[in-house]
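First to last, the protein sequences are chains A and B. Note that the first sequence covers residues 1 to 113 in the working numbering. Note that the second sequence covers residues 1001 to 1110 in the working numbering. Here the structure is laid out as structure tokens; the discussion comes afterwards.
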Amino acid sequence: KAGVTQTPRYLIKTRGQQVTLSCSPISGHRSVSWYQQTPGQGLQFLFEYFSETQRNKGNFPGRFSGRQFSNSRSEMNVSTLELGDSALYLCASWEQGVNTEAFFGQGTRLTVV
Amino acid sequence: GQNIDQPTEMTATEGAIVQINCTYQTSGFNGLFWYQQHAGEAPTFLSYNVLDVLEEKGRFSSFLSRSKGYSYLLLKELQMKDSASYLCAVRNNAGNMLTFGGGTRLMVKP
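Next comes the structure, spelled out in structure tokens:
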């Protein structure tokens, strides 16, 4: 079974631009969640999608948005990029059920200059 | 609010045992996870506790006390490759939202 695939792996953007990151979960997994990881704040939850619906949302400004497609692939978008958005963005894929764990992708390293 | 605390750094010697503690105060509890993350890599799953039992998996064990809001990860027979960050995370509700602690960076020395 293929793991969680995130694209691109690295990205450099300019302040004010917008960016879209992609995540393909493990086959059969319908829940996808997104996290931002920075040295200062650690891993912070952005949002979770399940069956194309946003099920949970973290405390991030409206510039951060996401969506999920019928094949469970998910995208997240950040508009009007700020320097502080530079981070590793991790996607996690969950199998359905109670006692399951999150499988993380390798992440997208976003640098805003 | 959500608050998860774990030590920032720990150092241990190869072959020894180390215990990494995690305390949490969260609104709702639906399981506690431990993840290992090597520098520049994705977090990988180590253990999951939802009941107050000791979960053992090879050289790694995890314990949970829900009444005390406390968990620990025990690593035995430390190896150099165990040098990594160890992340404690709580699942808060019926969905799959994890709240992470800041992580404990473990350095294993020869």
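Where a beta carbon is used, it is the ideal one built from N, C-alpha and C, also for glycine.
Under the criterion of beta carbons closer than 8 Å, lysine 1076 of chain B and threonine 1011 of chain B do not qualify as touching, at roughly 16 Å. Serine 31 of chain A is classed as buried because its beta carbon has at least 16 other beta carbons within 10 Å across all chains shown. When the five nearest sequence neighbours on each side are left out, the beta carbons in the same chain lying within less than 7 Å of the beta carbon of aspartate 85 of chain A are those of Val78, Leu110, Val112, in order along the chain. Non-local C-beta neighbours of alanine 1016 of chain B in its own chain, meaning closer than 7 Å and more than five positions away in sequence, comprise Leu1078, ordered along the chain. With fewer than 16 other CB atoms across the displayed protein chains lying within 10 angstroms of its CB, glutamine 1025 of chain B is exposed. Close CB contacts of tyrosine 1035 of chain B within its chain, under the 7 Å cut and outside five residues either way in sequence, are with Pro1043, Thr1044, Phe1045, Leu1046, Leu1087, Ala1089 (chain order). In summary, arginine 1091 of chain B is buried, with 16 or more beta-carbon neighbours lying within 10 Å of its beta-carbon over all protein chains present. The distance from the Cβ of threonine 1099 of chain B to that of glutamine 1002 of chain B is about 5 Å, consistent with a contact at the 8 Å cut-off. Residues of chain B whose Cβ lies closer than 8 Å to the Cβ of glycine 107 of chain A are, in chain order, Ala1042.
Looking at the DSSP output, glutamine 44 of chain A bridges to A:Gln36. Contact between glutamate 82 of chain A and glycine 1095 of chain B is absent: CB atoms are separated by about 28 Å, not below the 8 Å threshold. In the DSSP assignment, isoleucine 1020 of chain B is bridged to B:Leu1073. The secondary-structure analysis by DSSP pairs asparagine 1049 of chain B across a beta bridge with B:Leu1032. Distance check between glycine 1069 of chain B and each of B:Leu1106, B:Val1050, B:Asn1093 places B:Val1050 closest, using alpha-carbon atoms only. For tyrosine 1048 of chain B, the nearest beta carbon of chain A is closer than 8 Å to its own beta carbon. In the same chain as serine 1085 of chain B, and ignoring 5 residues on each side of it, the C-beta atoms closer than 7 Å to its own belong to Gln1037, Gly1103, Thr1104, Arg1105, in chain order.
DSSP places leucine 1087 of chain B in the uninterrupted beta strand (DSSP E) bounded by 1084-1091.
Leucine 1054 of chain B counts as exposed, since fewer than 16 other beta carbons sit within 10 angstroms of its beta carbon. A direct Cα-Cα distance of roughly 26 Å separates glutamate 52 of chain A from tyrosine 10 of chain A.
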